[in-house]
Amino acid sequence: MDKPEQTADSEFRYEAVVKFIDDLIDSGALAPGQKVPSLRKVSKARGVSVSTALHAYRMLESKGVLEAQPQSGFYVSANSVVQMGKPSVMSRSTPVRKVSSGALVANMFELAGDTDLAPLGCAIPSPDLLAASQLDKFLARMTRTRGKHANTYAPPRGVDSLRAAIARRSINWGHAVSADDIVITCGCTEALHLALKAIAQPGDTIAVESPNYFGFLPILQALHLKVTEIPTDSIDGISVPALEVALEKTPVKACLFSSAFNNPLGCLTSEEKKNQVLSLLNRHRIPLIEDDVYGDIFFGKERPRPYSAMEKAKNVIYCSSFSKTVAPGYRIGWIASSGYTDKLAAEKYATTLCGPTLTQVALGEYLNAGAYDNHLRGLRKSFAANMAAVSNTIADTFPAGTRISRPEGGFVLWVELPDDINARAVFDLAIREGICFAPGDLFTTSNNYRSCLRISCGYPWNTQIERAIWKLAELVVVQRNAQT
């Protein structure tokens, strides 16, 4: 295959073609479902070879921007999103702080269970999109055939068949994990709790992305740990220069980062940058705890590889769960790290002894049956469609100057409102109108993100969701006017 052509300023020509098509879509010149210029037309217009134009179109296809139709050409994806400005990034890392937001986070989870509220708040997938009916069949079968033997304590590390099934799936991550190195946990929350407890002591400082998932903060608070927040871009991920400065100035005990599709930004850190981060942590001898709960929810062609699969990975603890893809009610997660397995297993034993046996057996059987991958394909398609619909409605209804993330996976959107709008005040109005979202102040220990909010797209697009977004846009204007 020919190598991509290169301009004098070292920019690959195919990247210029990618930008050209992106700009046409963002400006509205190309709408979702519309055919894009043929390879010959775009190669002539941009002064590149047909092979370079094809390379650019394939890149856009892998990102879900374009769709190839046999015998017809390339079209703008029906799930393509109207582009708005990307959210801003902090200029520097925050000073070390204690965590004290547990009560606010607990209130958010309480609201998540209120079925009278439009479900834009907590990142919980719709039961209609999950595999509950399939799992119920496996659970019923296991209850009939093995219920008596499963009504006992599981091994502290988890049921062997489930750990083996997860180990086989780890090949998809690009990092084969031994079943012996896996400990089954009560969701990813317990996995992160065990990892932090195994590494850090009260008073230690943990580096996190900023904004960071608000569910991290109660764990850090309960363990009496402090945090420093590292600037993170909604497209490029964590700032390596800012991390380097923070590690030089602050005695960081460990880092807690997302593997892919950071919650709330949805960013996907490149493999090159992941290796840069790992090189930096190796130099300072700092372990990394990675949260990969969204790794299977990707919209491109391939699953992103986590930090633990990178060439530079040396001291990484991997945490994930099935809560975002299969069954949040099963509360099954896992943690994997060859260097810490015994310590993690001991912490698990001392904390909850073991997880439920029957649900572990049923989930292991479900994974072995091969149904999970088929389910994921449909789930990813649904989430991509939901996010496109929500994003485009926000673009149509929210005030000028609103910025929005453009994730390539997961199912949450980060929205930055104009500076004069207080998202917490909008939240109070929205709750009274039957709408729940997550205000930006939940995702930090600082005073940042007061004008930001996160919207969950875990439920199928319908009239209720559409009306909620329209109403939310009205409330944003109401709050702005109230301040003037």
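In terms of this note's numbering, the sequence shown opens at residue 3 and continues consecutively.
Every residue, glycine too, gets a C-beta built ideally from N, C-alpha and C.
Smallest Cα separation from Arg287: which of Phe216, Pro89, Pro34 and Val254?
Taking the Cα of Arg287 as reference, the smallest distance to any Cα among Phe216, Pro89, Pro34 and Val254 is reached at Val254.
State the Cα-Cα distance for the pair Asp130 and Val247, rounded to the nearest angstrom.
When rounded, the distance between both Cα atoms is 45 Å.
Using only CA atoms, which one of Pro213, Val67 and Asn153 lies nearest to Asn264?
Nearest in C-alpha terms to Asn264, of all of Pro213, Val67 and Asn153, is Pro213.
By a C-beta neighbour count over all protein chains shown, 10 Å radius and 16 as the cutoff for buried, is Val52 buried or exposed?
The residue is exposed, with fewer than 16 neighbouring Cβ atoms inside 10 Å.
Gln278: buried (16+ other C-beta within 10 angstroms of its C-beta) or exposed?
Label assigned to Gln278: buried.
Smallest Cα separation from Arg452: which of Ser128, Gln203, Asp421 and Ser236?
Among Ser128, Gln203, Asp421 and Ser236, the Cα nearest to that of Arg452 is on Asp421.
Distance, Cα to Cα, Arg48 vs Ile337?
Inter-residue distance for Arg48 and Ile337 is about 49 Å (C-alpha atoms, whole angstroms).
Spatial neighbours of Ala475 within its chain, please: C-beta separation below 7 Å, excluding the five flanking residues on both sides.
Counting only Cβ-Cβ distances below 7 Å, and skipping sequence neighbours, we find Thr399 and Phe400.
Please determine if the stretch 457-468 and the stretch 217-234 are in contact, where contact requires at least 3 C-beta pairs separated by less than 8 Å.
No, they do not touch.
Within the continuous beta strand (DSSP E) that includes Glu273, where are the two ends?
In the DSSP assignment, Glu273 falls outside any beta strand (DSSP E) and lies within the alpha helix (DSSP H) extending over Glu273 to His286.
So, with DSSP's three-state summary, where would you put Pro129?
The answer is helix: DSSP assigns Pro129 an H, G or I state.
For Ser93, count neighbouring Cβ atoms within 10 angstroms of its own Cβ and tell me buried if that reaches 16, exposed if not.
Label assigned to Ser93: exposed.
Can you list, in chain order, the residues of its chain whose CB lies under 7 Å from that of Ala402, leaving out five sequence neighbours each side?
Cβ neighbours of Ala402 beyond the five flanking positions: none.
Limits of the alpha helix (DSSP H) - the one that Leu219 falls within
Leu219: member of the alpha helix (DSSP H) spanning Phe218 to Ala224, first to last residue.
In its own chain, which residues sit with a C-beta less than 8 Å from the C-beta of Cys454, not counting the 5 before and 5 after it?
Same-chain partners within the cutoff: Pro89, Pro213, Trp416, Val417, Glu418, Leu419, Ala425, Pro441, Gly442 and Phe445.
Relative to the alpha-carbon of Ser310, which residue among Leu258, Leu132, Lys350 and Lys345 has its alpha-carbon at the smallest distance?
Here the closest residue by C-alpha is Leu258.
State whether the stretch 374-386 contacts the stretch 137-151, with contact taken as three or more CB pairs (one from each stretch) at a distance under 8 Å.
The stretch 374-386 vs the stretch 137-151: no contact.
Which term fits His195, buried or exposed, when burial requires 16 or more other beta carbons within 10 angstroms of its beta carbon?
Buried, since its Cβ has 16 or more Cβ neighbours within 10 Å.
What do you get for Glu250, buried or exposed, if any count of 16 or more other CB atoms within 10 angstroms of its CB means buried?
Its Cβ having fewer than 16 others within 10 Å, Glu250 is exposed.
Can Leu119 and Val78 be called in contact, C-beta distance under 7 Å?
Not a contact, by the Cβ cut-off of 7 Å.
Whose CA, out of Val428, Met312 and Thr343, lies closest to the CA of Asp481?
One point to set straight first is that residue 481 is Gln, not Asp, in the sequence displayed. Among Val428, Met312 and Thr343, the Cα nearest to that of Gln481 is on Val428.
Could you check where the beta strand (DSSP E) with Asp235 kicks off and where it finishes?
Run containing Asp235: Lys228 to Asp235, per the beta strand (DSSP E) assignment.
Is it true that the stretch 180-188 meets the stretch 266-280, where meeting means three or more beta-carbon pairs spaced less than 8 Å apart?
Remark: fewer than three beta-carbon pairs, one from each stretch, lie closer than 8 Å, so the stretch 180-188 and the stretch 266-280 are not flagged as touching.
How long is the line joining the alpha carbons of Thr327 and Phe413, rounded to whole angstroms?
Approximately 11 Å, taken between the alpha carbons.
For Leu225 versus Leu198, is the C-beta spacing smaller than 7 Å?
Annotated as proximal: Leu225 and Leu198, with beta-carbon spacing under 7 Å.
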